[in-house]
Structures are given as C-alpha cells and as structure tokens.
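Colleague: In my numbering, the protein residues as written are 110 to 463. Glycine is no exception: its CB is placed at the ideal position from the N, C-alpha and C atoms. Got a structure here, written out as structure tokens. Questions coming.
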Ligand code: CP3
C-alpha cells in the first residue's frame with residue numbers, strides 16, 4: 110500500500126516539511142452533523158452504528174465530504190475493549206456510557222477475561238478495511254484506543270464520573286489490584302491497536318482523557334507507564350511505512366517532557382497550554398497536535414478565524430504542527446463554523462512553511 114495522495118498529516122507527524130499545516134479534529138464525526146444523526150437513527154443506537162462496519166464507514170467519511178480535511182479517524186469508541194471483556198456496555202441516550210458490571214476489587218479484576226481482540230472486535234478491523242478501500246488513498250486513516258488508565262476509570266466507576274471516587278479509592282487503597290487491571294488493559298490495547306494497523310490504520314492515537322485528574326506521581330505510575338508500555342509494543346512500521354503514534358493526555362501540560370520521552374511521535378495538546386510552551390518543553394523530540402479551544406466554535410466565523418490565527422502564530426514557523434482542537438468538538442456546534450475553522454487553517458498556515 111502506498112502513501113496517501115495527501116500525506117500532509119504523515120509528514121507533519123514525522124516533522125517533515127509541508128506546504129501548509131494539516132488539519133483534522135477530534136470527534137469530527139458525531140452529533141453536531143445532521144447526516145450523522147440521520148445514520149445513527151437508521152442504526153437504532155450508537156452501539157448499533159459503531160458495531161456495523163458499513164455504517165461506521167459511512168459516518169467516518171461524512172466529515173470528509175463536507176470539509177477539506179487531511180485525515181479520517183475511525184468511527185468507534187474507546188470503550189470497545191471493556192465491551193470485549195464482557196462488562197455489559199450500553200450507551201443511554203443523552204447520558205453517556207454505562208457499564209452493567211463495574212470492576213471494583215482484586216477479585217473482579219482477576220475474573221476479567223483477556224479478550225480475543227481479533228474475534229470479539231472483528232467489526233472494528235472490518236470497518237478499518239472498508240474505510241481504507243473507500244478512501245482510496247485520498248487521506249490517511251487514524252486508528253485509536255483509550256489509555257489503559259482512562260478506560261479503567263469507566264470500568265471501575267461504571268460510567269462517566271465527576272469525582273472518580275471509586276477509581277481513586279482503588280488507586281490509593283489497593284494499588285496492586287489497579288496495576289493488575291491496567292496490565293490487562295495495556296495488553297488488550299496493544300493487540301487492539303496492532304490489529305487496526307494490520308487492517309490498514311496509517312497512524313494511531315491514544316486518548317488519555319482522564320490522566321489529568323491524577324497527582325503527578327500517580328500519573329507517572331498509573332497512566333504514563335502503561336501508555337509507554339503500549340507504545341513500546343506497537344507495530345511501528347507496516348508495509349514499508351512508519352506508523353506514527355500520537356499520545357494525548359488531557360490536562361497533561363505539566364508532564365510534556367516525560368510524555369515526549371515515551372517513544373511517541375507526537376503529542377496532543379489541550380487548549381490550557383500554549384503550543385509555544387509545549388514546543389519548548391518537548392525539546393523538538395515530537396510533533397504537536399492541537400490546540401484550539403473547542404468552545405471557540407460557538408463564536409461567529411470572524412472570531413474563529415482570529416483564534417485560528419493565534420494558534421498558528423503561537424506554534425510559529427516550521428514543520429511538526431498538526432492543527433486540531435484541544436479536545437473533541439461539542440454536539441451543539443454549527444457545521445458552518447467548522448467550515449470557517451478549516452478554511453482559516455488553509456488560508457493562514459502556508460506562511461509558516463515558506
Ligand atoms: O473522533 C471521531 O470522530 C471518532 C469517534 C470517537 C468516538 N468516541 C465516537 C463517539 C472517538 C475518537 C471517541 C473517543 C472517546 N470515547 C473518548 C476519548 C476522547 C474524548 O472525547 O475525551 C472517550 C472518553 C469516550 C467515551 C464516550 N463515548 C463517552 C463519554 C461518550 C458519551 C458522551 C459523548 O461525548 O457523547 C461516548 C459516546 C460517543 N462516542 C459518541 C460518539 C460520536 C456519541 C454517541 C451518540 O451518538 O449519541
């Protein structure tokens with residue numbers, strides 16, 4: 110398989126020169142798009158959609174039909190691994206994920222099966238194969254997984270959380286049990302990402318949405334260490350091409366130097382930190398992806414353009430920047446405002462690459 114016709118993303122992740130800054134955004138397929146809501150209604154539910162390769166392929170391609178983006182991201186969810194472990198995953202309309210059988214003790218964790226990813230999550234690798242065929246080399250496809258720690262929080266809490274009371278109780282009360290859970294998740298995550306790469310994912314991203322709620326020593330021990338382990342065991346070259354890895358810890362601004370030493374090719378940066386500071390802290394070791402405040406998309410196009418200009422200017426000259434939001438796009442955003450963001454990146458970024 111050859112390099113995609115548009116290889117700006119892969120070049121930027123390798124810190125090679127590009128003509129303009131590549132752009133894609135987290136949660137680019139999703140509820141802010143009316144065509145997504147229509148496909149989901151046809152599927153009956155979010156899980157019905159995500160477990161059907163044809164429909165998952167259709168929604169993956171929807172944002173690319175609307176906007177001139179430089180990458181596609183597989184339509185799936187970070188909670189497919191717990192689903193494969195049989196914890197009883199469901200998505201309640203308007204409430205987010207629910208796990209019927211949370212894991213809260215050493216005994217629960219011991220009883221968790223090591224999933225056969227190739228079999229249990231065949232619908233994901235089938236979706237990857239289909240998306241690659243439909244993309245026909247136009248832009249690269251990004252695969253993804255959650256970090257072991259972030260996925261563990263959902264398994265322990267039984268869903269989303271504000272305080273993470275159960276997860277913190279386990280972390281401080283029975284760290285050995287938490288390590289056993291994270292080790293199982295790290296193995297499954299490695300298998301899962303490698304299966305996506307073999308099926309055709311050309312870059313992979315690890316979402317550590319809840320790393321930022323940890324104290325620094327706990328972050329190193331329970332989140333970073335396991336991402337590092339996953340990175341070390343990933344397939345880094347497939348069919349003669351490097352498969353870059355992007356790590357994103359939301360709220361991880363204080364830990365970028367350590368993150369840049371994990372072996373990742375790039376780091377996602379949230380909007381609370383400036384890219385210029387991130388560039389300084391990572392010592393030129395990695396590319397940076399981000400970091401427009403997703404809330405900017407609620408403002409009119411002129412304001413969006415000004416904020417895009419600010420992010421580009423703050424990163425500054427030279428390669429190694431992938432334009433993105435600092436976190437996922439929010440459901441109430443007007444699709445026209447997203448078009449304004451993409452157009453601003455196209456127009457304003459070439460001057461930084463001359
Ligand atoms: O970026 C993309 O377009 C690819 C698809 C994608 C989804 N989830 C689809 C989805 C990706 C990359 C994810 C990752 C994900 N899932 C994360 C990490 C990234 C982040 O946003 O922090 C997390 C924490 C989850 C877990 C999850 N899935 C939650 C908390 C929820 C409910 C809240 C919400 O945002 O809707 C989901 C459901 C989900 N995953 C939806 C989508 C499009 C919405 C479901 C619906 O259609 O109603």
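1) I'd like to know if the region 233–240 and the region 306–322 are in contact, where contact means that at least 3 CB-CB pairs between them fall below 8 Å.
2) Between the alpha carbons of residue 455 and residue 120, how many angstroms are there, rounded?
3) Who are the Cβ neighbours of residue 185 in its own chain at under 6 Å, not counting the five residues just before and after it?
4) By the three-class DSSP mapping on this structure, what secondary structure does residue 219 have?
5) With respect to the alpha helix (DSSP H) encompassing residue 199, which residues constitute its N-terminal and C-terminal limits?
6) Let's see if you can read the secondary structure: which residues bound the beta strand (DSSP E) around residue 206?
7) Let me make sure I understand the geometry here. Which of 242, 127, 297 and 223 has the alpha-carbon closest to that of residue 253?
8) Specify, as a first and last residue, the run of the beta strand (DSSP E) that residue 338 falls within.
9) Any idea what DSSP makes of residue 371, helix, strand or coil?
10) Comparing alpha-carbon positions, which option in 357, 340, 453 and 142 lies nearest residue 170?
11) Quick check on the DSSP output: the beta strand (DSSP E) that includes residue 226 runs from which residue to which?
12) Which value, in whole angstroms, describes the spacing of the CA atoms of residue 351 and residue 130?
13) CB of residue 206 to nearest heavy atom of ligand 1: below 7 Å?
14) For residue 182, verify whether its CB is less than 7 Å away from any heavy atom of ligand 1.
15) Specify, as a first and last residue, the run of the beta strand (DSSP E) that residue 396 falls within.
16) With H, G and I counted as helix, E and B as strand and the rest as coil, what does DSSP make of residue 132?
17) Could you name the residues of the same chain whose beta carbon sits closer than 7 Å to that of residue 198, not counting the 5 residues immediately before and after it, in chain order?
18) Is residue 390 helix, strand or coil when you go by DSSP?
19) Please classify residue 157: is it buried, with 16 or more other beta-carbons within 10 angstroms of its beta-carbon, or exposed?
20) Taking 7 Å as the cut-off, is the C-beta of residue 259 nearer than that to any heavy atom in ligand 1?
21) What's the gap between the Cα of residue 229 and the Cα of residue 418?
22) If you reduce the DSSP assignment to three classes, tell me which class residue 436 lands in.
23) Can you find the residues in the same chain that come closer than 8 Å, C-beta to C-beta, to residue 161, ignoring five residues on each side of it along the sequence?
24) Counting only the same chain and skipping the five closest in sequence on each side, list residues whose C-beta sits under 7 Å from that of residue 327.
25) Determine the direct distance from the alpha carbon of residue 391 to that of residue 369, and round the result to whole angstroms.
26) Could you name the residues of the same chain whose beta carbon sits closer than 7 Å to that of residue 321, not counting the 5 residues immediately before and after it, in chain order?
27) In whole angstroms, what separates the C-alpha of residue 125 from that of residue 425?
28) Buried or exposed: which applies to residue 219, given that a residue is buried once 16 or more other Cβ atoms fall within 10 Å of its Cβ?
29) Can you grab the Cα-Cα spacing for the pair residue 294 / residue 325, in whole Å?
30) Taking the alpha carbon of residue 144 as the point to measure from, which residue in 175, 128 and 273 has its own alpha carbon closest?
31) Just the Cα atoms here: how many angstroms apart are residue 283 and residue 257?
Modeller: Considering the structure as presented:
1) Three or more beta-carbon pairs drawn from the region 233–240 and the region 306–322 are found closer than 8 Å, and the two stretches are therefore classed as touching.
2) Locating residue 455 in the chain shown gives position 346, where the first residue counts as 1. Locating residue 120 in the chain shown gives position 11, where the first residue counts as 1. Residue 455 and residue 120: Cα-Cα distance of roughly 16 Å.
3) Working through the chain shown from its first residue, we reach residue 185 at position 76. If we look at residue 185 and ignore the five residues flanking it on each side, its Cβ neighbours are 159 and 233.
4) The residue you call residue 219 lines up with position 110 of the chain shown. Residue state, collapsed to three classes: helix.
5) Here the question's residue 199 lines up with position 90 in the chain shown. Counting along the chain, residue 199 falls outside any alpha helix (DSSP H), though it belongs to the beta strand (DSSP E) covering 198–201.
6) Counted from its first residue, the chain shown places residue 206 at position 97. Note, residue 206: beta strand (DSSP E), 205–208.
7) Looking up residue 253 in the chain shown gives position 144. Nearest of 242, 127, 297 and 223 to residue 253, Cα basis: 297.
8) Locating residue 338 in the chain shown gives position 229, counting from the first residue. For residue 338, there is no enclosing beta strand (DSSP E); the enclosing alpha helix (DSSP H) has its first and last residue at 334–342.
9) The residue labelled residue 371 in the question sits at position 262 within the chain shown. Coil, per DSSP.
10) One-based indexing of the chain shown puts residue 170 at position 61. Closest option to residue 170, Cα to Cα, is 142.
11) As a working note, residue 226 is residue 117 in the chain shown. Looking at the DSSP string, residue 226 is not in any beta strand (DSSP E); the run it does join, the alpha helix (DSSP H), is 226–229.
12) Working through the chain shown from its first residue, we reach residue 351 at position 242. Working through the chain shown from its first residue, we reach residue 130 at position 21. Cα-Cα distance, rounded: 20 Å.
13) In the chain shown, the residue the question calls residue 206 occupies position 97. Result yes, Cβ under 7 Å from ligand 1.
14) In the chain shown, counting from the first residue as 1, residue 182 sits at position 73. Indeed, a heavy atom of ligand 1 lies less than 7 Å from the Cβ.
15) For the purposes of this step, residue 396 is taken as residue 287 along the chain shown, with counting starting at 1. Unbroken beta strand (DSSP E) run through residue 396: 396–401.
16) Taking the chain shown and counting its residues from 1, the one referred to as residue 132 is at position 23. Three-state result, residue 132: strand.
17) Within the chain shown, numbered from 1, the residue matching residue 198 stands at position 89. So the qualifying residues of the chain are 188, 191, 192, 206 and 208.
18) As a first step, residue 390 is located in the chain shown; it is residue number 281 there, counting from the start. In the three-state reduction of the DSSP assignment, residue 390 falls in the helix class.
19) Mapped onto the chain shown, residue 157 falls at position 48. Label assigned to residue 157: exposed.
20) The count along the chain shown starts at 1 and reaches residue 259 at position 150. Yes; taking the cut-off as 7 Å, the Cβ of residue 259 has a heavy atom of ligand 1 nearer than that.
21) By one-based count along the chain shown, residue 229 stands at place 120. By one-based count along the chain shown, residue 418 stands at place 309. The straight-line gap from Cα to Cα measures roughly 44 Å.
22) Translated into the one-based positions of the chain shown, residue 436 becomes position 327. It is coil, neither helix nor strand.
23) Along the chain shown, read from residue 1 onward, the residue named residue 161 stands at position 52. Counting only Cβ-Cβ distances below 8 Å, and skipping sequence neighbours, we find 152 and 232.
24) Against the chain shown, residue 327 aligns to sequence position 218. So the list reads 280, once near-sequence residues are dropped.
25) Here residue 369 refers to the residue found at position 260 when the chain shown is read from its first residue. Here residue 391 refers to the residue found at position 282 when the chain shown is read from its first residue. One C-alpha to the other measures close to 6 Å.
26) On the chain shown, residue 321 is found 212 positions in, with the first residue counted as 1. Same-chain partners within the cutoff: 358, 359, 360 and 361.
27) By 1-based counting over the chain shown, the position of residue 125 is 16. By 1-based counting over the chain shown, the position of residue 425 is 316. Near 15 Å, if we compare the C-alpha coordinates of residue 425 and residue 125.
28) The residue given as residue 219 occupies position 110 in the chain shown. Residue 219 comes out exposed.
29) Start at 1 with the first residue of the chain shown, and residue 294 comes out as number 185. Start at 1 with the first residue of the chain shown, and residue 325 comes out as number 216. If you take the alpha carbons of residue 294 and residue 325, they lie about 21 Å apart.
30) Start at 1 with the first residue of the chain shown, and residue 144 comes out as number 35. Closest option to residue 144, Cα to Cα, is 175.
31) In the chain shown, residue 283 corresponds to position 174, counting from 1. In the chain shown, residue 257 corresponds to position 148, counting from 1. Using only the alpha carbons, I get a separation of about 17 Å.
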